[in-house]
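Chemist: Dumping the structure here so I can ask a few things about it.
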Amino acid sequence: MLRNARASLAAAALIGTGSAASVSAQEGPEFLPLEGRTLPFSQAVQVGDKLYLAGQIGLARGDSEGEPNGIEAETRRTMERIGDTLAKYNLTHDALFKCTVWLADIEDFSAFNAVYRTYFKKGRFPTRSTMAVKALAGGAVIEVECIAWNPRD
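This is the structure we're talking about:
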């Protein structure tokens, strides 16, 4: 559809029919850079009505000394960090419609689900893919990335 809109714009510009004004070009992606980090990715990218969130891990950060790690604690922190990103767009976990989950150990699947489900209203769970992987960044046991519905006004 976007390709057709661009083709219409180009044709209208070449022909000079003036109909280009009736077909507006879609705005490009809007990037939310990582705060205070130099990693080469964005925290979130808004494209149309979809907000793509970068994967989050739940390891305790340097300022969280003494906090436990493990599947329950890391899932909770992961989901809270996702919530923090959503809040920057005035959204909550209710806006999520697709999540991808990576577990360092598939045996953690049930424990992960027990925490994950608490962030959603009953019957409003995003579609999801879950897989086990050999290793995650920093030795994390879980990573979650999501897509949220964020209609532009």
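Take the sequence shown: its letters are residues -25 to -1, 1 to 128, numbered as in mature numbering (1 follows the signal peptide of the UniProt record, and there is no 0). From the three backbone atoms N, C-alpha and C, an ideal C-beta is built for every residue, glycine too.
So, is residue 122 buried or exposed, given that buried needs 16 or more other C-beta atoms within 10 angstroms?
Modeler: Here residue 122 is taken as the residue at index 147 of the sequence shown, counted from 1. Residue 122 should be labelled buried.
Chemist: Using only alpha-carbon positions, find the residue among 25, 7, 11, 18 that is nearest to residue 124.
Modeler: Counting from one through the sequence shown, the residue named residue 124 turns up at place 149. Residue 124 has its Cα closest to that of 25, out of 25, 7, 11, 18.
Chemist: Distance, Cα to Cα, residue 130 vs residue 3?
Modeler: Outside the shown range of the chain, which is -25 to 128, sits residue 130, and nothing can be said about it.
Chemist: Which residues in the same chain as residue -5 place their Cβ atom closer than 8 Å to its Cβ, once the five residues preceding and following it in sequence are excluded?
Modeler: The count along the sequence shown starts at 1 and reaches residue -5 at position 21. Bear in mind that a pLDDT of 31 at residue -5, under 50, signals an unreliable position, so the model cannot answer this.
Chemist: What residue from 28, 83, 9, 77 has the CA that sits closest to residue 71's CA?
Modeler: For the purposes of this step, residue 71 is identified with residue 96 of the sequence shown, where counting begins at 1. The shortest C-alpha separation from residue 71 is found at 28.
Chemist: For the beta strand (DSSP E) that contains residue 23, what are its first and last residues?
Modeler: What you label residue 23 is simply residue 48 of the sequence shown in a count that begins at 1. Unbroken run through residue 23: none, as it is neither H nor E.
Chemist: Where does residue 115 fall in DSSP's three states?
Modeler: Within the sequence shown, residue 115 is the residue found at index 140, counting from 1. The answer is coil: DSSP assigns residue 115 none of H, G, I, E or B.
Chemist: Can you tell me where the alpha helix (DSSP H) holding residue 87 begins and where it ends?
Modeler: Locating residue 87 in the sequence shown gives position 112, where the first residue counts as 1. Where residue 87 is concerned, the enclosing alpha helix (DSSP H) stretches over 84 to 91.
Chemist: Is there contact between the stretch 83 to 102 and the stretch 3 to 18, where contact requires at least three CB pairs shorter than 8 Å?
Modeler: Cβ pair count under 8 Å is below three, so no.
Chemist: Which of the three DSSP states, helix, strand or coil, is assigned to residue 28?
Modeler: Counting from 1 along the sequence shown, the entry for residue 28 is found at position 53. Note: residue 28 maps to strand in three-state DSSP.
Chemist: Would a C-beta distance cut-off of 8 Å place residue 89 and residue 116 closer than the cut-off?
Modeler: The residue labelled residue 89 in the question sits at position 114 within the sequence shown. The residue labelled residue 116 in the question sits at position 141 within the sequence shown. Going by C-beta atoms, residue 89 is not nearer than 8 Å to residue 116.
Chemist: Can we count residue 113 as close to the ligand HEM, meaning its CB is less than 7 Å from some heavy atom?
Modeler: Judged by which ligands are present, the structure shown has none, so any question about the ligand HEM falls away.
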